[in-house]
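Inspection log for the structure reproduced underneath, given as structure tokens.
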Amino acid sequence: MNVPAPAGIATLIAYVATIPAANLAVTHFGVVPVGFGYAAPAGVYMVGLALVLRDLARESVGRGAVLAAIGVGTVLSYLLADPALAVASAAAFAVAESMDFAIYEPLRRRGLLTAMLASNAIGLLADSLLFLKLAFGSFAYLPGQILGKSWMTLAAVAVLTLLRRRKQATT
Numbered sequence: 288m289n290v291p292a293p294a295g296i297a298t299l300i301a302y303v304a305t306i307p308a309a310n311l312a313v314t315h316f317g318v319v320p321v322g323f324g325y326a327a328p329a330g331v332y333m334v335g336l337a338l339v340l341r342d343l344a345r346e347s348v349g350r351g352a353v354l355a356a357i358g359v360g361t362v363l364s365y366l367l368a369d370p371a372l373a374v375a376s377a378a379a380f381a382v383a384e385s386m387d388f389a390i391y392e393p394l395r396r397r398g399l400l401t402a403m404l405a406s407n408a409i410g411l412l413a414d415s416l417l418f419l420k421l422a423f424g425s426f427a428y429l430p431g432q433i434l435g436k437s438w439m440t441l442a443a444v445a446v447l448t449l450l451r452r453r454k455q456a457t458t
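Plus 287 on top of the position in the sequence shown (first one is 1) and you've got the working numbering.
This is the structure we're talking about:
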């Protein structure tokens, strides 16, 4: 039996934890600035982090565990969101994470960073469009949503690139 390493399990738990964190942020902080004069619902950073952690969890614990986590995350997203946001949150999470997963899988042979950038671009756009339409009936926050989630993806890619270079330098 192949048992995931503790780091992989921790990544999977962190991924699932981003869902209640995003919902709590939206409920308690409302709208936050994301840069360049744009704003977005406060969960934007946690959702951006979720997209990155999903990809990393896929690499460490496998497809089955990530698909199960998407299911758990969807239910958590519905149950833990403010009632007015529950359907929007759950639907956006389920669709965006599934699309991210579908794009990531065939691209992962081309490299982690390539797959992560491409799949996260699709995932963050899908999440933003669906959440904003269902939660607010408006795309007014779309530029901020895209920018905030992109910050998280770019930060993760930068960290992973630095870690990869450091590892190569020590070997």
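Note that the Cβ used here is the ideal one computed from N, Cα and C, for glycine as well.
Look at the alpha carbon of residue i and the alpha carbon of residue j, and state the distance between them as a whole number of angstroms.
i, j, result
"Leu-449", "Asp-414", "28 Å"
"Met-288", "Gly-351", "In this prediction, Met-288 scores a pLDDT of 46, lower than 50, which makes its location untrustworthy; the coordinate-derived value is nonetheless stated afterwards. Taking the straight line from one Cα to the other gives about 14 Å."
"Val-304", "Ile-296", "It should be noted that the sequence gives Ala, not Val, for residue 304. Going by the C-alpha atoms only, they are around 12 Å apart."
"Ser-437", "Thr-458", "32 Å"
Could you tell me whether the Cβ atoms of residue i and residue j are closer together than 7 Å?
i, j, result
"Leu-299", "Val-348", "yes"
"Gly-431", "Ala-312", "no"
State the CB to CB distance for the pair residue i and residue j, rounded to an integer number of angstroms; the pair is presumed to be in contact (CB under 8 Å).
i, j, result
"Ala-383", "Leu-417", "7 Å"
"Tyr-302", "Ala-337", "6 Å"
"Leu-429", "Leu-419", "6 Å"
Would you mind sorting residue i into buried or exposed? The rule is 16 or more other CB atoms within 10 Å of its CB.
i, result
"Leu-411", "buried"
"Ala-456", "exposed"
"Thr-361", "buried"
"Gly-322", "exposed"
Query raised in the report: Below 8 Å, can you find three or more Cβ-Cβ pairs linking the region 317–327 to the region 338–353?
Result: no
Report task. Give a yes or no on contact between the region 356–367 and the region 401–410, applying the rule of three or more CB pairs nearer than 8 Å. Result -> no
**Report entry** Three CB pairs or more closer than 8 Å across the region 418–426 and the region 373–380
**Finding:** yes
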